[in-house]
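Note sheet for the following structure.
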Ligand SMILES: N[C@@H](CCC(=O)N[C@@H](CS)C(=O)NCC(=O)O)C(=O)O
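Written out as structure tokens, the structure is:
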């Protein structure tokens, strides 16, 4: 992480846990908006902002899905880091379909944080919404960035969808809270638990939430109301990583997704939506998670699992990295 603008330690997935070994996630430090609610007068302009993402990362993937659903892909550039986490965290290498940083010429993601704030202290996480004009970070919190894309870009957002419709916000917030604590972050709490007790608690939360989703989705198409909302984006990013990474590496192996037929059918339905499919690079997800040396010292990436629900992605793209086969 960065301490006073200097990269202070080798990258490690857990820099904070409580006395019982429970993983604690850092709070995001840059929380501005775009448009009238912006503290620093960021305004909605095509070509002004760049979104830094990792295709392994569920939080970054939320923002990618929102970007595509809102039709902002021509207005905002995307720059994807190498999926593997090294001693200096995320890097721009151009390997495996990832990008070089054409806007700032950075080698590591932590340089983006020190460009914005030369004395920054904290982890250099993705996603980051970067402003080319003021050379600063607008926001590094995915739930805010989803709302920025949903609400702040006005006519530049050509996608005809409201991810947080008025009237559903209270229910969206309630379900989001449950999903975040028990599922999105629940799998991380299991994977990075430092004690059996912390792991047991986390895994119980993960499977309780899968059970809740199964009963909801057996009688409804969406998690909140009768339409796709930001809550479905939140569920999707963890579901699509579940069998690929969390079941094995994070020890969430009580049951695979196939034990939840309504959840699996929902995942298949979401994968058929181009904005969701475009956010998924299965080989990045595997390479990235299995590069976490604290959990997988050998660095060996497993060959499986074969997942029939991901086959349409491979067929459509030519290969699993999202490049068209020669
Ligand atoms: N609160 C942040 C969390 C982002 C986050 O933790 N991203 C992970 C990748 S999945 C990251 O960049 N980790 C690097 C690190 O912690 O050093 C958000 O939702 O935007």
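In the working numbering, the protein residues as written are 697 to 1022. Even glycine gets a Cβ: it sits at the ideal position worked out from N, Cα and C. Keep in mind it's a predicted model, so treat the numbers as computed, not measured.
Check whether residue i and residue j have beta carbons under 8 angstroms apart
i: residue 815; j: residue 701; result: yes
i: residue 721; j: residue 835; result: no
i: residue 920; j: residue 871; result: yes
i: residue 833; j: residue 853; result: no
i: residue 838; j: residue 823; result: yes
i: residue 709; j: residue 988; result: yes
i: residue 859; j: residue 762; result: yes
i: residue 785; j: residue 725; result: no
i: residue 747; j: residue 759; result: yes
i: residue 794; j: residue 778; result: yes
i: residue 959; j: residue 966; result: no
i: residue 947; j: residue 886; result: yes
i: residue 918; j: residue 806; result: no
i: residue 742; j: residue 776; result: no
i: residue 707; j: residue 782; result: yes
i: residue 676; j: residue 927; result: Lying outside 697 to 1022, the shown extent of the chain, residue 676 is not represented and no answer is given.
i: residue 981; j: residue 730; result: no
i: residue 956; j: residue 910; result: yes
i: residue 740; j: residue 855; result: no
Cβ distance (whole Å) where residue i is taken to contact residue j below 8 angstroms
i: residue 744; j: residue 828; result: 6 angstroms
i: residue 765; j: residue 857; result: 5 angstroms
i: residue 878; j: residue 904; result: 7 angstroms
i: residue 984; j: residue 750; result: 7 angstroms
i: residue 978; j: residue 940; result: 6 angstroms
i: residue 716; j: residue 891; result: 6 angstroms
i: residue 963; j: residue 936; result: 7 angstroms
i: residue 950; j: residue 809; result: Actually they are not in contact, since the Cβ atoms of residue 950 and residue 809 sit about 37 angstroms apart, beyond 8 angstroms.
i: residue 973; j: residue 1009; result: 6 angstroms
i: residue 719; j: residue 888; result: 4 angstroms
i: residue 821; j: residue 864; result: Contact flag wrong, Cβ pair sits at about 29 angstroms.
Those residues which DSSP pairs with residue i across a bridge
i: residue 727; result: 835
i: residue 976; result: Residue 976 pairs with nothing; no bridge assigned.
i: residue 702; result: 699
i: residue 719; result: 713
i: residue 748; result: 775 and 824
Cβ of residue i within 8 angstroms of any chain B Cβ
i: residue 964; result: No chain B appears in the structure shown, which is made up of a single protein chain.
List, from N- to C-terminal side, the beta strand (DSSP E) runs of 3 residues or more that fit wholly inside the region 768-827.
Counting whole runs of 3 or more residues, the region 768-827 contains the beta strand (DSSP E) stretches 773-776 and 824-827.
Threshold first: 4 residues or longer. Then list the alpha helix (DSSP H) segments lying entirely within the region 908-964, N to C.
As far as the region 908-964 is concerned, its whole alpha helix (DSSP H) runs of at least 4 residues are 926-937.
Mind pulling the alpha helix (DSSP H) runs of 4 or more residues that sit fully within the region 865-895?
Entirely contained in the region 865-895, the alpha helix (DSSP H) runs reaching 4 residues are, in chain order, 865-875 and 882-887.
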